[in-house]
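J.: After the structure tokens below, expect a handful of questions from me.
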Amino acid sequence: MRYAAGLRSRLTLGIPAGLALLLLVVPLVALLTRADWARVPADLATPTVLPALRLSLLTTSTTAVLCLLLGTPLAWFLARSDHAATRWVRALLTVPLVLPPVVGGVALLMAWGRLGLIGQHLSPFGVQITFTTVAVVLAETFVAMPFYVLAVEGAMRGLDPRLESVARTLGASDLRYLRTVALPLVLPGVASGLALAWARALGEFGATLTFAGSYPGRTQTAPLAVYALLEQDPAVAISVSIVLLVVSVLVLALLRGRWLR
Numbered sequence: 006m007r008y009a010a011g012l013r014s015r016l017t018l019g020i021p022a023g024l025a026l027l028l029l030v031v032p033l034v035a036l037l038t039r040a041d042w043a044r045v046p047a048d049l050a051t052p053t054v055l056p057a058l059r060l061s062l063l064t065t066s067t068t069a070v071l072c073l074l075l076g077t078p079l080a081w082f083l084a085r086s087d088h089a090a091t092r093w094v095r096a097l098l099t100v101p102l103v104l105p106p107v108v109g110g111v112a113l114l115m116a117w118g119r120l121g122l123i124g125q126h127l128s129p130f131g132v133q134i135t136f137t138t139v140a141v142v143l144a145e146t147f148v149a150m151p152f153y154v155l156a157v158e159g160a161m162r163g164l165d166p167r168l169e170s171v172a173r174t175l176g177a178s179d180l181r182y183l184r185t186v187a188l189p190l191v192l193p194g195v196a197s198g199l200a201l202a203w204a205r206a207l208g209e210f211g212a213t214l215t216f217a218g219s220y221p222g223r224t225q226t227a228p229l230a231v232y233a234l235l236e237q238d239p240a241v242a243i244s245v246s247i248v249l250l251v252v253s254v255l256v257l258a259l260l261r262g263r264w265l266r
């Protein structure tokens with residue numbers, strides 16, 4: 006009787022769990038089985054795809070550098086502050102994680118567009134951000150920065166506060182303590198945050214399309230190229246999708262020990 010009840014319980018939980026897994030896995034399997042693996046290298050070298058992959062590599066690397074230079078100080082202040090306003094700053098920081106991508110693109114347009122909050126002051130100097138490679142970097146940074154900051158903040162919150170007290174006693178400034186003590190201790194968190202930010206930037210589509218457009222060689226990144234190729238040459242679109250899938254899996258594999266344990 007107990008065995009039968011346990012079997013029914015496992016089936017009751019196992020069937021929806023299996024369906025959930027199938028919903029996630031079947032599309033990936035379908036993509037892998039539909040790919041013509043023999044032609045993938047040739048597809049990636051086509052004049053349409055190669056500039057998109059090159060641009061994605063350039064913009065995502067630039068985004069990672071911006072996250073490192075700008076996001077690390079922000080993570081540092083968030084980790085050290087217990088002020089009530091910090092909760093609001095952290096809440097604002099997480100908005101891009103849940104914001105619809107197209108809304109993020111519209112928000113970027115309202116800020117950096119020709120008539121935007123900031124863009125209107127740049128136009129008289131002949132500076133245009135929208136529909137340029139700079140716009141791609143800004144869009145990718147907008148969606149990727151929260152991943153980096155939250156990862157590094159979590160790592161910095163795990164530091165022993167006595168280390169900072171000792172550093173202060175020895176006369177170290179905040180910058181020196183961060184550079185010589187804190188950052189070396191949280192390097193795994195920094196690396197994980199950079200990998201997450203880079204992967205998120207690589208997959209960015211909606212905000213980039215809305216804010217930067219899809220101009221080959223200038224703003225058309227790999228995800229945008231996949232979207233355009235679906236109508237022109239679906240086989241090439243599948244090949245590029247395979248590359249993006251492989252990169253995503255590799256990033257997850259590298260982060261497995263820290264995030265998926």
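My numbering applies: residue 6 is where the sequence shown begins, and numbers increase by one.
C-beta: ideal position from N, C-alpha, C; glycine also.
1. For my contact list, Ala202 and Tyr153 are in at a C-beta cut-off of 8 Å; report their separation, rounded to the angstrom.
2. Just reading off the alpha helix (DSSP H) that Gln125 is part of, what are its end residues?
3. By Cβ distance below 6 Å, which residues in the same chain neighbour Gly222 in space, the five residues on each side in sequence not counted?
4. Any contact of the region 94 to 110 with the region 120 to 137, i.e. 3+ C-beta pairs under 8 Å?
5. Please identify the residue among Ala212, Pro193, Ile243, Val100 whose C-alpha is closest to the C-alpha of Gly163.
6. In whole angstroms, what separates the C-alpha of Gly76 from that of Arg15?
7. Quick one: Cα of Leu63 to Cα of Thr174, how far?
8. If we call anything under 8 Å between Cβ atoms a contact, is Thr215 one with Gly110?
9. Mind checking which residues open and close the alpha helix (DSSP H) that includes Trp117?
10. Compute the beta-carbon to beta-carbon distance between Thr53 and Ala230, rounded to the nearest angstrom, for a pair I have assumed lies under 8 Å.
11. Going by alpha carbons, who is nearest to Thr146 out of Arg205, Val34, Pro228?
12. Once the 5 residues before and after Gly211 are set aside, which same chain residues still bring their CB inside 8 Å of it?
13. Please indicate yes or no: does the CB of Thr135 lie closer than 7 Å to some heavy atom of the ligand MN?
14. To the nearest whole angstrom, what separates the beta carbons of Thr213 and Ala144, a pair I think is in contact under 8 Å?
15. Using only alpha-carbon positions, find the residue among Val45, Ala217, Phe82, Pro21 that is nearest to Ile243.
16. Reducing DSSP to helix, strand and coil, say where Leu265 ends up.
17. In this structure, does DSSP put Arg273 in helix, strand or coil?
18. In whole angstroms, what is the alpha-carbon distance linking Gln225 and Val31?
19. Just how far apart, CA to CA, sit Trp42 and Tyr182?
20. For Val186, which residues from the same chain have a beta carbon less than 7 Å from its beta carbon, with the 5 sequence-adjacent residues on both sides left out?
21. Given Ala140, which residues of its chain have a CB within under 6 Å of its CB, disregarding the five upstream and five downstream residues?
22. Out of Ala149, Leu188, Pro151, Leu180, state which residue places its alpha-carbon closest to the alpha-carbon of Asp165.
23. Helix, strand or coil, according to DSSP, for Ala43 in the structure here?
T.: To lay it out plainly:
1. Taking the first residue of the sequence shown as 1, we reach residue 202 at position 197. Taking the first residue of the sequence shown as 1, we reach residue 153 at position 148. Sure, about 4 Å apart at Cβ, within 8 Å.
2. Position 120 of the sequence shown, counting from 1, holds the residue named residue 125. Following the DSSP letters along the chain, one finds Gln125 inside the alpha helix (DSSP H) bounded by residues 124 to 127.
3. Within the sequence shown, numbered from 1, the residue matching residue 222 stands at position 217. The residues are Pro56.
4. no
5. In the sequence shown, counting from the first residue as 1, residue 163 sits at position 158. The option with the nearest alpha carbon to Gly163 is Pro193.
6. In the sequence shown, residue 76 corresponds to position 71, counting from 1. In the sequence shown, residue 15 corresponds to position 10, counting from 1. Rounded to the nearest whole angstrom, the C-alpha separation of Gly76 and Arg15 is 45 Å.
7. Within the sequence shown, numbered from 1, the residue matching residue 63 stands at position 58. Within the sequence shown, numbered from 1, the residue matching residue 174 stands at position 169. Each residue's alpha carbon lies about 43 Å from the other.
8. Here residue 215 refers to the residue found at position 210 of the sequence shown. Here residue 110 refers to the residue found at position 105 of the sequence shown. In contact: Thr215 and Gly110 (Cβ atoms closer than 8 Å).
9. For the purposes of this step, residue 117 is taken as the residue at position 112 of the sequence shown. That run of the alpha helix (DSSP H) goes 106 to 117.
10. Within the sequence shown, the letter at position 48 stands for residue 53. Within the sequence shown, the letter at position 225 stands for residue 230. With a Cβ gap of about 7 Å, Thr53 and Ala230 count as contacting.
11. As a first step, residue 146 is located in the sequence shown; it is residue number 141 there, counting from the start. Ranking the options by Cα distance to Thr146, first place goes to Arg205.
12. By one-based count along the sequence shown, residue 211 stands at place 206. Around Gly211: Pro105, Pro106, Val107, Gly109, Gly110.
13. With respect to the ligand MN, the structure shown offers nothing to examine, as it has no ligands at all.
14. Taking the sequence shown and counting its residues from 1, the one referred to as residue 213 is at position 208. Taking the sequence shown and counting its residues from 1, the one referred to as residue 144 is at position 139. So it is a contact: roughly 4 Å between Cβ atoms.
15. In the sequence shown, counting from the first residue as 1, residue 243 sits at position 238. Nearest option by C-alpha distance: Val45.
16. Taking the first residue of the sequence shown as 1, we reach residue 265 at position 260. Reliability fails at Leu265, whose pLDDT of 43 lies under 50, so the model's placement of it is uncertain and the value that follows must be treated cautiously. Coil.
17. No statement about residue 273 is possible, as the shown extent of the chain runs from 6 to 266 and does not include it.
18. Position 220 of the sequence shown, counted from the first residue, corresponds to residue 225. Position 26 of the sequence shown, counted from the first residue, corresponds to residue 31. Between the C-alpha atoms of Gln225 and Val31 there is a straight-line separation of about 28 Å.
19. Position 37 of the sequence shown holds residue 42. Position 177 of the sequence shown holds residue 182. Looking at the two C-alpha atoms, the distance is approximately 51 Å.
20. Indexing the sequence shown from 1 puts residue 186 at position 181. Scanning its chain for C-beta atoms nearer than 7 Å, with the 5 sequence neighbours on each side dropped, one finds around Val186 the residues Leu168, Ala172, in chain order.
21. Here the question's residue 140 lines up with position 135 in the sequence shown. Closer than 6 Å at the Cβ level, and outside the excluded window around Ala140, lie Ile134, Phe216, Ala217.
22. One-based indexing of the sequence shown puts residue 165 at position 160. The option with the nearest alpha carbon to Asp165 is Leu188.
23. Within the sequence shown, the letter at position 38 stands for residue 43. DSSP places Ala43 in helix when its eight states are reduced to three.
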